[in-house]
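Chains as they are written, first to last, in numbering that gives the first Met the number 0: chain F, 0 to 264; chain A, 0 to 264.
Below: one structure, written as structure tokens.
Number of protein chains: 2
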Amino acid sequence: MGAAQNPVQVLGRAIAILNHLAQSDSGLSLTEVARAAGLAGSTAHRILTSLEAERYVRFDAETRLWSVGVQAFIAGSGFLKTRHVVQMARPHMRTLMERSGETVNLAIEDQGSAVYVGQVECREMMRSFARLGGRIPLHCSGVGKALLSAVPEAQWQRLPSLLPALTPLTLTSPDVLRADLGRIRQRGYAIDDEEHAIGLRCVAAVVFDEHGDAACAVSLAGPKARITDERVPVLGQMAVETAGRIMAEIGGRAPVIVSASGAGQ
Amino acid sequence: MGAAQNPVQVLGRAIAILNHLAQSDSGLSLTEVARAAGLAGSTAHRILTSLEAERYVRFDAETRLWSVGVQAFIAGSGFLKTRHVVQMARPHMRTLMERSGETVNLAIEDQGSAVYVGQVECREMMRSFARLGGRIPLHCSGVGKALLSAVPEAQWQRLPSLLPALTPLTLTSPDVLRADLGRIRQRGYAIDDEEHAIGLRCVAAVVFDEHGDAACAVSLAGPKARITDERVPVLGQMAVETAGRIMAEIGGRAPVIVSASGAGQ
DNA sequence: GGAATACTTTCCGCATCGTGGAAAGATGGG
DNA sequence: CCCATCTTTCCACGATGCGGAAAGTATTCC
């Protein structure tokens, strides 16, 4: 994640700092920031105070820690504006949450992982912990697999030969994953059965854009205790329906299936 | 919103650009960016490509427009991790207490009642008795009614047909309460006139989070003797202003009002 | 269709602006 | 109370960002 060749040096450095701050849970001290970004203390300090002047970072005088500021959040949220899907999807996600009683997530693909861009939380005490702006691997999440299933083979063939396992149930073999993606295309929704986190299940369906490419994926996530075997097909169907409504809203259309094998349907 | 004196010139400029991009709905062309930020085209271009290298801005080759990038969204979302409404609200509550001379409370909604999560006590001998962590019903408290007023009708329709009366002035009829909530939305703050305890009056305003949902409510509480009829609108306005400042601090925004009826403004 | 127009991108010499070592100022622990 | 550690300010050096101008590319209008 190093700053590549960048026309403007400071910007690369400032952004590296921001990215590090964003990853930390409770904020970083000056020296931590400096070390993380590989900068001299004075340089890091200058950049931090400069960002602070614009409220892109915040300094807590009590804990003496630096963290991400409001304005970075506000500006960053501007990203969602240009993603009309997110806006359009919200009411449908809300309905889905009401009907299913589970938390609904919306994610897009970005650089080999899924990023959560929308969420409607359910009212249960026990609920999923996905965070807006958070990243999750494609191969071991409902949204991720749903997105993958919509991509032509050519692109996911360059997967590593062994996928990282986050739980004992994670699909680590590309061949097994490939088979699962086939099933996903057939039934219309992906199932994540504790492949990302123990006790967490979800179902997810993909939303296609006007070109028939995957725009994003909607998922329903909840504890295994609540998302039982019998409910999976029901919830999956709901996710598919919601994805369909969002798709209609944004003028998307399912792609023409080119698969040569007997992928049915 | 101009970049003030900033230790690092480029950062001020880059951030100004990002902020402008974030405000625009569909993206900006290079020249629009340059003009908005008051920069030479070449300078704006250099900064933009630099930000693009870090995925903080995105360039749509088709429309030739620049907009906020994913990574800015991801990093900006890091703000939510370290955001604690209660802590951020404190300084603003303190100011409100100084200006009004009354005790200031902060409450969140939890399972059908309001819970006090913050307080700045005034210096008067006679003062309100809310306790941190204490619960208070939604229908007969300033904070409670303010929070209720921010919830879409669908959710508070399942109220019992007769609300418990804590004083002779408590609003016990759901219809009367509903009408009051309408008025609260109109004027921006709630009034509790001895509805919870005899002799106690308060005004309260709601603080919205980034989704436009109620995050918490601020109230000013004091004895009826001090909070006279003439002071109510003044104090109410102060509460609204403070709520606004807290909202800015946590990156919240007022919700888009969808109400079909004449709930105006 | 061709020329004029508007906008985007690259180039490069100049001096401004950012850099980081060092020192001063805080803070905390023993 | 002193030493160790971390934060903040300072400053001389030169690397780095600046913007005018020119080249390259879409768009419009006759």
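The beta carbon of each residue, even a glycine, is placed where N, CA and C say it ideally should be.
- Checking the DSSP bridge columns, you'll see valine 217 (chain F) partnered with F:Leu105, F:Ala204.
- It is roughly 11 Å from the alpha-carbon of alanine 224 (chain F) to the alpha-carbon of isoleucine 197 (chain F).
- The straight-line gap separating the alpha-carbon atoms of alanine 129 (chain A) and valine 119 (chain A) is approximately 11 Å.
- For threonine 48 (chain A), the nearest CB of chain F lies under 8 Å from its own CB, placing it at the interface with that chain.
- Under the DSSP definition of a beta bridge, proline 222 (chain A) partners with A:Leu199.
- Residue pairing by DSSP leaves tyrosine 188 (chain F) without any beta bridge partner.
- The beta carbon of aspartate 212 (chain F) sits closer than 8 Å to the beta carbons of Ala149, Pro254 from its chain, once the five residues preceding and following it are set aside; these are given in chain order.
- The bridge partners DSSP lists for isoleucine 135 (chain A) are A:Ala113.
- Contact between the segment 34-42 of chain F and the segment 17-31 of chain A is absent, with fewer than three C-beta pairs closer than 8 Å.
- Straight across, the Cα-Cα distance linking valine 67 (chain F) with valine 67 (chain A) is about 17 Å.
- Looking at A:His91, A:Gly132, A:Pro222, A:Thr227, the one whose alpha-carbon comes closest to that of glutamate 108 (chain A) is A:Gly132.
- Here leucine 27 (chain A) is bridged, per DSSP, to A:Trp65.
- Between valine 116 (chain F) and leucine 79 (chain F), the gap from beta carbon to beta carbon is short of 8 Å.
- Against arginine 45 (chain A), the close residues of chain F are Pro6, Val7, in the order they occur along the chain (beta-carbon pairs closer than 9 Å).
- A contact is defined here as three or more CB-CB pairs under 8 Å, and the segment 205-221 of chain A meets this definition with respect to the segment 241-254 of chain A.
- Going by C-alpha positions, glycine 250 (chain F) is about 11 Å away from methionine 87 (chain F).
- A Cβ-Cβ separation of about 22 Å leaves isoleucine 226 (chain A) out of contact with arginine 184 (chain A) under the 8 Å criterion.
- Taken atom to atom, the span from the alpha-carbon of threonine 42 (chain A) to that of alanine 13 (chain A) is near 10 Å.
- The beta-carbon of threonine 241 (chain A) is placed no less than 8 Å from the nearest beta-carbon of chain F.
- Within chain F, no C-beta atom comes nearer than 9 Å to that of aspartate 191 (chain A); the closest sits roughly 26 Å away.
- Straight through space, the alpha carbons of alanine 21 (chain A) and phenylalanine 58 (chain F) are spaced by roughly 23 Å.
- Annotated as proximal: valine 142 (chain A) and alanine 203 (chain A), with beta-carbon spacing under 8 Å.
- Per DSSP, arginine 130 (chain A) has no beta-bridge partner at all.
- At a cut-off of 8 Å between beta carbons, glycine 111 (chain A) makes no contact with chain F.
- Residue pairing by DSSP places aspartate 179 (chain A) in no beta bridge whatsoever.
- Among the residues facing chain F, tyrosine 188 (chain A) is not included, as its CB has no counterpart in that chain under 8 Å away.
- Under the 10 Å beta carbon count, glutamate 194 (chain A) is surrounded by 16 or more other beta carbons and is classified as buried.
- With a threshold of 16 other beta carbon atoms within 10 Å, alanine 164 (chain F) falls short and is exposed.
- Following the DSSP letters along the chain, one finds arginine 57 (chain A) inside the beta strand (DSSP E) bounded by residues 56-59.
- Counted as a single uninterrupted DSSP element, the alpha helix (DSSP H) harbouring threonine 48 (chain A) occupies residues 40-52.
- The residue among F:Asp191, F:Gly75, F:Ile16, F:Leu161 with its C-alpha nearest the C-alpha of leucine 168 (chain F) is F:Asp191.
- Residue pairing for valine 119 (chain A): DSSP places it in a beta bridge opposite A:Val103.
- DSSP, read as helix, strand or coil, puts methionine 124 (chain A) in coil.
- Residues of the segment 56-80 of chain F that bring their beta carbon within less than 8 Å of a beta carbon in chain A comprise Arg57, Ser66, Val67, Gly68, Val69, Gln70, Ala71, Phe72, Ile73, Ala74, Gly75, Ser76, Gly77, Phe78, Leu79, Lys80, in sequence order.
- Take isoleucine 46 (chain A), set aside five residues on each side of it, and the residues of its chain with a beta-carbon closer than 8 Å to its own are Val9, Arg12, Ala13, Ile16, Leu38, in chain order.
- The Cβ neighbour count for leucine 147 (chain A), taken over all protein chains shown within 10 Å, is at least 16; the residue is labelled buried.
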